[in-house]
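With UniProt numbering, the residue at position 54 of the sequence shown is 54, and numbering never jumps. Every residue, glycine too, gets a C-beta built ideally from N, C-alpha and C. This report concerns only the one structure given below.
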Amino acid sequence: MILKFHDDPTVNGFEIVVFLRLVWWAAGKRKGAELDAICKQSKNPTFCFNLLNSIPGGATDANLVDLVQYALDVTRVNLTTTTKLIKRLIRRNPNDIEARDHYTLCLNRIHQGAFDAVKSTEAILKSREFYILNSIACGIRTQIDLCIDGESPSDTPYNDTSLLPAYASVISEVVEIIVIISNLLDK
1 MILKFHDDPT
11 VNGFEIVVFL
21 RLVWWAAGKR
31 KGAELDAICK
41 QSKNPTFCFN
51 LLNSIPGGAT
61 DANLVDLVQY
71 ALDVTRVNLT
81 TTTKLIKRLI
91 RRNPNDIEAR
101 DHYTLCLNRI
111 HQGAFDAVKS
121 TEAILKSREF
131 YILNSIACGI
141 RTQIDLCIDG
151 ESPSDTPYND
161 TSLLPAYASV
171 ISEVVEIIVI
181 ISNLLDK
């Protein structure tokens, strides 16, 4: 069905312009509402707003898939940076067996576990199987937690004074946003 406003004498150009501006305004408000809905669920709403508003082109023009893709890209970059940090920490502590074991565990968890999980999300986003994305994101957080806290509840966490815990915390915050968005996408 094609609408022909020019044939309808009751619709003038001004009304069409007002209508289109209202649609544009409402779309912008909806995107802002999506950011509110996402970030209010996070443990650190300020971090969430800052991250999602840093998407190239702006968050107001992004849909949920764009936002989750951006968060995954940020996670991938952070995991790469964290992997480089861990490799440096292993090289700096060749004689400290406890440190070397801890950082080797983290390297395996972050590089092989979390990084490989992020790689697998490309196909999931393309197939639009968003329920799987949630499981993968939770798995990434588990890998980060195992690195920082140890593999067993009885493990005493390594007293890590390096930047690794801070890097891991940032990754966990980004992944939390992925979990929240994946829940919204799966509805």
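Secondary structure note for Tyr167: its alpha helix (DSSP H) is the uninterrupted segment Leu164 to Leu185. By alpha-carbon distance to Ile180, the top candidate from Thr161, Arg76, Asn134 and Asn44 is Asn134. By the neighbour-count criterion, in which a residue is buried when 16 or more other Cβ atoms sit within 10 angstroms of its Cβ, Glu98 is exposed. Leu105 sits away from Gly58, with the two beta carbons spaced by 9 Å or more.
For a cut-off of 8 Å, the C-beta gap from Thr75 to Tyr167 is around 12 Å, too long to register as a contact. Residues of the same chain with a CB within less than 6 Å of the CB of Leu89, apart from the 5 flanking positions on each side, are Tyr103 and Ser162 in chain order. Taken through DSSP and simplified to helix, strand or coil, Asn108 comes out as helix.
The three-state secondary structure of Asp160, taken from DSSP, is coil.
Remark: C-beta atoms of Ile171 and Ala114 approach each other more closely than 9 Å. Cβ-Cβ distances below 7 Å link Leu146 to Arg109 in the same chain, with the five nearest sequence neighbours on each side left out; the list follows chain order. Between the beta-carbon of Lys40 and that of Glu176 there is about 13 Å, and that puts the pair past the 8 Å contact cut.
For Thr82, the uninterrupted alpha helix (DSSP H) segment begins and ends at Leu64 to Arg92.
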